[in-house]
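Structure, as structure tokens:
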């Protein structure tokens, strides 16, 4: 009797596993990757996918060029302020099927921006592997772009997020100072003989 129960439990376990696998194939929610990692790497290294602010301004002001600007920041930040004619796809919803289908149907140039350049680059890489073409990212983030736009300083049109930023207070821990003890030189007598 004990062996029959063990056999029944084992069969039930495998049926549950097989059912889960079958259900996974039916409801396939995994994305289809269109290019390999090496192809993505060559696309990123061969092409200049980061657009500086001056070039971005030129693109916006061109009449015949169709571009889609995607703001990956959350809805609250987008509602407060955003680049003119930008659409909001929050980063937490950027990989939903409906948003991917919208971007796949775009034949014009897509420009992504976010709270930081690394997040934009991440989604650009993911979208590229999913087969979405013509994706670029705006250098920096929305805040640095608006600061540049206010004064249009040519020195700031090339943003580099990899600048060193240090929080010295966090790096150097302050310890309580010990009281200073005044040590007077001690006279020592010569020892030994001659």
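Residue numbers (this note's numbering): 4 to 197.
Ideal Cβ placement from N, Cα and C applies to all residues, glycine included.
State buried or exposed for residue i, treating a residue as buried only when at least 16 other CB atoms are found within 10 Å of its CB.
| i | result |
| --- | --- |
| residue 76 | buried |
| residue 144 | buried |
| residue 115 | buried |
| residue 9 | exposed |
| residue 123 | buried |
| residue 151 | buried |
| residue 120 | buried |
| residue 139 | buried |
| residue 53 | buried |
| residue 127 | buried |
| residue 184 | exposed |
| residue 20 | exposed |
Looking at the secondary structure, which residues open and close the beta strand (DSSP E) in which residue i lies?
| i | result |
| --- | --- |
| residue 113 | 112-116 |
| residue 89 | 89-91 |
| residue 71 | 70-74 |
Along the chain, where does the alpha helix (DSSP H) that runs through residue i open and close?
| i | result |
| --- | --- |
| residue 138 | Where residue 138 is concerned, there is no enclosing alpha helix (DSSP H), although the beta strand (DSSP E) it sits in stretches over 138-141. |
| residue 153 | 145-154 |
| residue 64 | 56-64 |
| residue 82 | 78-83 |
Please state whether DSSP places residue i in a helix, a strand or coil.
| i | result |
| --- | --- |
| residue 7 | helix |
| residue 122 | helix |
| residue 180 | coil |
| residue 13 | helix |
| residue 20 | helix |
State the beta-bridge partners of residue i as determined by DSSP.
| i | result |
| --- | --- |
| residue 135 | None, per the DSSP bridge assignment. |
| residue 53 | 140 |
Go through its chain and collect everything with a Cβ distance to residue i's Cβ below 6 Å, but skip five positions before and after it.
| i | result |
| --- | --- |
| residue 118 | 76, 144 |
| residue 89 | 72, 74 |
| residue 32 | With a pLDDT of 46 at residue 32, under the threshold of 50, the predicted position of this residue should be treated as unreliable, though the coordinate-derived value follows. Here the set comprises nothing. |
How about residue i: is its C-beta nearer than 8 Å to some C-beta of chain B?
| i | result |
| --- | --- |
| residue 99 | In summary, chain B is missing from the structure at hand, where a single protein chain is found. |
Within the same chain, show all residues whose beta-carbon is closer than 8 Å to that of residue i, passing over the 5 residues directly before and after it, in chain order.
| i | result |
| --- | --- |
| residue 87 | 63 |
| residue 107 | 133, 134, 135 |
| residue 38 | 46, 131, 132, 134 |
| residue 157 | 57 |
| residue 96 | 102 |
| residue 48 | none |
| residue 78 | 91, 93 |
Grab me the residues of residue i's own chain with a C-beta within less than 7 Å of its C-beta, minus the 5 sequence neighbours each way, in chain order.
| i | result |
| --- | --- |
| residue 81 | 74, 91 |
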